[in-house]
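Everything in the first sequence is counted per the numbering used here, starting at 245 for the first residue and increasing by one. Below: the structure, in structure tokens.
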Amino acid sequence: MINVNHERTMTVARKRGFLWSSFEIYSGVAGFVDYGPLGATLKNKIMNRWREFYVVREGFYEIESPTIMPEEALKASGHVDHFNDPMTQCKECMDVYRADHIIEDATGRDVEGLENQELTEIISDEGIRCPRCGGHLTHVWSYNLMFQTLIGARGKKTGYLRPETAQGIFIPFKRLLRFFRNRLPFGVVQLGKSYRNEISPRQGVIRLREFTQAEAEIFVDPEHKTHPDFEEVKEDILRLYPAGRQMEESGTVDMTAAEALEAGVISSEVLTYHLCLAKRFLMDIGIPEDALRFRQHLPSEMAHYAIDCWDVEAFTDSYGWIEIIGIADRTDYDLRSHSQHSGEDLRVFIEYDEPRRIRKRAVKPDMGKLGPKFRKDAARIASALSEVDVEEIEKALDEEGRFILEGEFEILPDDVSFEDVEEVVTGRKVYPHVIEPSFGIDRIIYTLLLHSLVDDGERTYFRLPPHVAPVEVTVLPLVNREEMVMTALEIERNLRRSGFIAEFDSSGTIGRRYARADEIGVPFAVTVDHETLEDGTVTLRNRDDCSQVRVKIEELVPTLEKLRG
RNA sequence: GCGGCGUUAGUCCAGCCUGGUUAAGACACUGGCCUGCCACGCCAGCGACCCGGGUUCAAAUCCCGGACGCCGCACCA
245 MINVNHERTM TVARKRGFLW SSFEIYSGVA GFVDYGPLGA TLKNKIMNRW
295 REFYVVREGF YEIESPTIMP EEALKASGHV DHFNDPMTQC KECMDVYRAD
345 HIIEDATGRD VEGLENQELT EIISDEGIRC PRCGGHLTHV WSYNLMFQTL
395 IGARGKKTGY LRPETAQGIF IPFKRLLRFF RNRLPFGVVQ LGKSYRNEIS
445 PRQGVIRLRE FTQAEAEIFV DPEHKTHPDF EEVKEDILRL YPAGRQMEES
495 GTVDMTAAEA LEAGVISSEV LTYHLCLAKR FLMDIGIPED ALRFRQHLPS
545 EMAHYAIDCW DVEAFTDSYG WIEIIGIADR TDYDLRSHSQ HSGEDLRVFI
595 EYDEPRRIRK RAVKPDMGKL GPKFRKDAAR IASALSEVDV EEIEKALDEE
645 GRFILEGEFE ILPDDVSFED VEEVVTGRKV YPHVIEPSFG IDRIIYTLLL
695 HSLVDDGERT YFRLPPHVAP VEVTVLPLVN REEMVMTALE IERNLRRSGF
745 IAEFDSSGTI GRRYARADEI GVPFAVTVDH ETLEDGTVTL RNRDDCSQVR
795 VKIEELVPTL EKLRG
């Protein structure tokens with residue numbers, strides 16, 4: 245369908261300084277890449293463009309947290325459990341299995357939390373064999389997708405390189421909430437490196453062990469999953485591949501954002517809005533619309549925390565459709581979990597439009613009685629009583645003459661009294677839900693390069709939009725004559741002073757120099773020719789159609805600024 | 001992780017089977033020349049045998065191990 249060429253793209257990218265595999269002189273390590281001079285520039289421009297969309301346009305704020313995280317934090321997020329699986333492999337057919345699953349299937353035993361050694365022993369004691377071919381199984385090893393390290397000089401504390409940037413936002417949630425003056429919705433973003441120790445990363449820049457993410461965590465009221473600017477995007481066309489259509493293999497469907505929301509294909513307005521925004525971003529940096537589709541996660545593949553999740557997928561010739569962005573409704577999973585593990589209340593107080601009066605019956609402990617009776621436990625008992633259902637206490641005292649708290653403390657009718665109180669409730673405390681657009685920057689750059697490469701037999705060049713092209717303008721003397729060279733050098737210098745990434749090139753024929761600049765996607769070429777020396781005009785050449793216009797040297801900067809956008 | 005195939009200048013590659021020359025070529029790049037507007041004018045130059053071990057008088061070449069790459073299987077909450 246779409247004409248792209250992975251081999252050609254990567255060859256040019258490597259040759260011209262965009263991207264290559266790391267540590268080459270030490271024979272390389274799979275899953276790591278270097279961004280060369282042009283690649284790093286391109287990446288920075290794309291990340292800055294992303295900030296334009298999410299920080300400037302949406303009003304989110306960017307934070308920066310450590311890439312090394314303590315074990316507790318990742319236990320709370322579920323990563324320690326989910327990224328650390330006991331594995332075993334059949335020695336005959338080479339199938340790999342989760343050791344705990346295979347034991348549970350064979351014996352019905354719950355082996356959660358057992359050590360690898362113990363699991364290995366169970367496999368041999370119970371004579372468990374490969375479910376497919378009956379072959380012997382290897383010893384159990386841990387398959388840990390997170391890079392582990394030790395924190396501190398004595399190395400007592402286990403740490404991990406973060407597997408996603410998102411957790412760095414959830415953890416300081418209370419401070420962030422305060423920064424946003426306790427009001428929902430608000431969004432926080434983080435751009436940076438994350439790490440996953442993939443077993444066999446074989447797809448180059450598609451599956452890296454160290455990769456760059458740009459993530460936004462948008463905290464919303466679970467009862468108001470809307471977006472104030474939805475009107476603006478409601479006519480955007482989305483190429484959707486919902487779970488239902490995947491299961492019946494019926495292909496994608498194009499719908500407007502409003503239609504998709506109306507039909508319930510996408511679960512909420514705010515999620516729909518962010519699908520649109522992601523698409524707008526990708527098109528802004530130069531990825532063609534027809535290279536993209538939105539694929540909904542199947543219920544079976546949805547992460548444990550999400551209720552709806554859409555991947556933005558890009559078409560590639562050698563890897564098929566690849567995920568470049570995940571946009572998920574993570575619900576309140578993360579904040580709830582961090583609350584439980586840390587003991588911090590990470591809920592948000594949401595005021596009602598009108599205060600509500602609630603009549604209810606309350607238990608009132610008589611501390612004059614409870615104090616002498618329970619001594620140092622008294623205070624705790626008093627507060628524990630208020631947690632218990634009032635009716636339950638009243639009923640027990642009525643019918644049995646006593647109430648046993650926590651199976652231990654005997655409360656008698658005289659110890660407490662009951663009263664009807666009217667409470668004014670001005671709001672409720674809730675865990676916000678989290679909408680998370682998560683961008684894989686490396687894959688986006690790969691997709692952009694792949695789809696930008698034009699190789700028409702005549703010329704080879706990256707058709708990058710002017711505002712993301714790493715080199716923005718090249719300045720060339722038509723011939724190597726002193727006056728032309730001097731003029732060209734001066735123009736290059738002035739362009740740099742005016743904020744353009746400009747290059748000067750006098751080596752080889754003019755055609756070769758155009759080709760050289762085209763290949764790395766330089767959108768504009770300024771040529772100093774004979775006429776320049778007479779009337780102070782230069783030619784300004786457009787990369788995509790090779791057309792040229794004459795421009796006065798003084799007008800170069802404003803002209804290029806307009807063209808760059 | 002398993003199996004198959006592979007790895008030679010910046011890039012694409014010849015040579016390996018059958019061990020022995022100064023490791024060939026093209027493109028790119030650099031310098032010089034050339035009054036030339038779209039890579040294809042001339043001259044010169046730079047630049048490589050993935051790493052480690054073994055066999056041998058001698059290893060790019062044969063053997064073993066490793067790394068990396070491609071393909072298949074597995075894995076990828």
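We put the beta carbon where it would ideally sit given N, CA and C, even for glycine.
From residue 402 to residue 390, what does the alpha carbon distance come to, in whole angstroms? Counting from 1 along the first sequence, the entry for residue 402 is found at position 158. Counting from 1 along the first sequence, the entry for residue 390 is found at position 146. A straight-line Cα-Cα distance of about 12 Å links residue 402 and residue 390.
Hey, could you find the ends of the beta strand (DSSP E) residue 786 is sitting in? The residue you call residue 786 lines up with position 542 of the first sequence. Its beta strand (DSSP E) spans residues 781-786.
Where residue 436 falls, given that 16 or more other Cβ within 10 Å makes a residue buried: If you number the first sequence from 1, residue 436 lands on position 192. Its Cβ being crowded by 16 or more others within 10 Å, residue 436 is buried.
To test your reading of the DSSP string, which unbroken alpha helix (DSSP H) runs of 4 or more residues are found completely within the segment 537-588? You should have 577-586.
From residue 400 to residue 274, what distance separates their C-alpha atoms? As a working note, residue 400 is residue 156 in the first sequence. As a working note, residue 274 is residue 30 in the first sequence. So the alpha carbons of these two residues sit roughly 30 Å apart.
Where does residue 383 sit, in a helix, a strand or coil, going by DSSP? Indexing the first sequence from 1 puts residue 383 at position 139. If DSSP states are grouped into helix, strand and coil, residue 383 belongs with coil.
Does the pairing of the segment 440-448 with the segment 478-491 give three or more beta-carbon distances under 8 Å? No: fewer than three Cβ pairs fall under 8 Å.
Suppose only complete runs of 4+ residues qualify. What are the alpha helix (DSSP H) ranges in the segment 600-651, listed by chain order? Runs of the alpha helix (DSSP H) inside the segment 600-651: 611-618, 622-631 and 634-644.
Close beta carbons around residue 513, own chain, < 8 Å, minus the five adjacent residues each side: In the first sequence, residue 513 corresponds to position 269, counting from 1. 469, 470, 471, 474 and 505.
According to DSSP, which residues form a beta bridge with residue 684? Start at 1 with the first residue of the first sequence, and residue 684 comes out as number 440. Answer is 457.
Which full runs of the beta strand (DSSP E) of 3+ residues lie inside the segment 647-731, going along the chain? Listed in chain order, they are 647-649, 653-655, 660-674, 677-684, 697-699, 704-706 and 717-721.
Would you grab the beta carbon distance between residue 516 and residue 501 for me? Rounded to a whole angstrom, and I think it's under 8 Å. Position 272 of the first sequence, counting from 1, holds the residue named residue 516. Position 257 of the first sequence, counting from 1, holds the residue named residue 501. 5 Å between Cβ atoms; contact.
Quick one: residues in its chain with C-beta nearer than 8 Å to the C-beta of residue 620, no 5 flanking neighbours on either side, listed in chain order? Translated into positions along the first sequence, residue 620 becomes position 376. Result list for residue 620: empty, nothing under 8 Å.
Please return the same chain residues whose Cβ sits closer than 7 Å to the Cβ of residue 812, not counting the five positions on each side in sequence. Residue 812 cannot be examined here, being either before or after the span of the chain that is shown, 245 to 809.
Measuring alpha carbon to alpha carbon, tell me which of 798, 712, 733 and 720 ends up nearest residue 771. On the first sequence, residue 771 is found 527 positions in, with the first residue counted as 1. Ranked by how close their Cα comes to the Cα of residue 771, the residues 798, 712, 733 and 720 have 720 in first place.
How many Å lie between residue 859 and residue 595 at the Cα? Beyond the ends of the chain as shown, which are 245 and 809, falls residue 859; an answer cannot be given.
Considering only residues of the segment 269-321, which uninterrupted alpha helix (DSSP H) runs meet the minimum length of 4 residues and lie entirely inside it, listed in chain order? 281-295 and 315-320, all fully within the segment 269-321.
Residue closest to residue 525, alpha-carbon to alpha-carbon, out of 786, 246, 300 and 785: Counted from its first residue, the first sequence places residue 525 at position 281. In this structure, 300 is the residue among 786, 246, 300 and 785 with its C-alpha nearest to the C-alpha of residue 525.
Where the beta strand (DSSP E) through residue 436 begins and ends: Here residue 436 refers to the residue found at position 192 of the first sequence. Unbroken beta strand (DSSP E) run through residue 436: 430-439.
Answer with buried or exposed for residue 790, where buried requires no fewer than 16 other C-beta atoms within 10 angstroms of its C-beta. The count along the first sequence starts at 1 and reaches residue 790 at position 546. Residue 790 counts as exposed, since fewer than 16 other beta carbons sit within 10 angstroms of its beta carbon.
Presumed contact (8 Å Cβ cut-off) between residue 763 and residue 705, rounded CB distance: The count along the first sequence starts at 1 and reaches residue 763 at position 519. The count along the first sequence starts at 1 and reaches residue 705 at position 461. Confirmed, Cβ separation roughly 5 Å.
Could you tell me how far apart the beta carbons of residue 676 and residue 579 are, in whole angstroms, since I believe they sit closer than 8 Å? Here the question's residue 676 lines up with position 432 in the first sequence. Here the question's residue 579 lines up with position 335 in the first sequence. The beta carbons of residue 676 and residue 579 sit about 7 Å from each other, so the pair counts as a contact at 8 Å.
Between the C-alpha atoms of residue 610 and residue 661, what's the straight-line distance to the nearest angstrom? Against the first sequence, residue 610 aligns to sequence position 366. Against the first sequence, residue 661 aligns to sequence position 417. Separation of residue 610 and residue 661 (C-alpha to C-alpha, rounded to the nearest whole angstrom) is 7 Å.
Determine the closest residue to residue 488 out of 394, 612 and 508, with distance taken between C-alpha atoms. Along the first sequence, one-based indexing puts residue 488 at 244. Minimum Cα distance to residue 488 is reached at 508.
Going along the chain, which unbroken runs of the beta strand (DSSP E) with 3 or more residues stay wholly within the segment 460-537? Counting whole runs of 3 or more residues, the segment 460-537 contains the beta strand (DSSP E) stretches 481-485 and 497-500.
Candidates 601, 731, 740 and 744: closest to residue 750 by CA position: Against the first sequence, residue 750 aligns to sequence position 506. Looking at the Cα atoms, 731 is the closest of the given residues.
Does the contact criterion of 3 or more C-beta pairs under 8 Å hold for the segment 260-275 versus the segment 426-433? In the pairwise beta carbon analysis, the segment 260-275 is classified as not touching the segment 426-433: fewer than three pairs are separated by under 8 Å.
Measuring CB to CB, does residue 304 end up less than 8 Å from residue 458? Working through the first sequence from its first residue, we reach residue 304 at position 60. Working through the first sequence from its first residue, we reach residue 458 at position 214. No, they are not a contact pair.
Please look up how many angstroms separate the CB atoms of residue 529 and residue 282, rounded, as I've assumed it's under 8 Å. Position 285 of the first sequence, counted from the first residue, corresponds to residue 529. Position 38 of the first sequence, counted from the first residue, corresponds to residue 282. About 15 Å separates the beta carbons of residue 529 and residue 282, which is beyond the 8 Å limit, so they are not a contact pair.
Starting from the C-beta of residue 757, find all residues in its chain whose C-beta is less than 6 Å away, skip the five residues before and the five after it, and write them out in chain order. Walking along the first sequence from the start, residue 757 turns up at place 513. Residues 720 and 749 of the same chain have their beta carbon placed closer than 6 Å to that of residue 757, with the five preceding and five following residues left out of the count.
Can we say the segment 601-616 touches the segment 287-301, given the rule of at least three CB pairs closer than 8 Å? As far as the Cβ criterion goes, the segment 601-616 does not touch the segment 287-301, which means the pair count is below three.
Starting from the C-beta of residue 306, find all residues in its chain whose C-beta is less than 6 Å away, skip the five residues before and the five after it, and write them out in chain order. Here residue 306 corresponds to residue number 62 of the first sequence, with the count starting at 1. Annotation for residue 306: 299 and 433 place their beta carbon closer than 6 Å to its own, counting only its chain and skipping 5 residues before and after.
From 405, 384, 385 and 387, residue whose alpha carbon lies closest to that of residue 394: The sequence position of residue 394 within the first sequence is 150, counting from 1. Ranking the options by Cα distance to residue 394, first place goes to 405.
One question on the structure: do residue 592 and residue 420 come within less than 8 Å of each other, judged by their Cβ atoms? The count along the first sequence starts at 1 and reaches residue 592 at position 348. The count along the first sequence starts at 1 and reaches residue 420 at position 176. Cβ distance not < 8 Å, so residue 592 and residue 420 don't count as in contact.
Give me the residue from 279, 540, 767 and 752 with the minimum Cα distance to residue 808. The count along the first sequence starts at 1 and reaches residue 808 at position 564. Of the listed residues, the one whose Cα sits closest to residue 808 is 767.
Sheet register partners of residue 331 (DSSP bridge): As a first step, residue 331 is located in the first sequence; it is residue number 87 there, counting from the start. Among the bridge pairs identified by DSSP, residue 331 is matched with 342 and 385.
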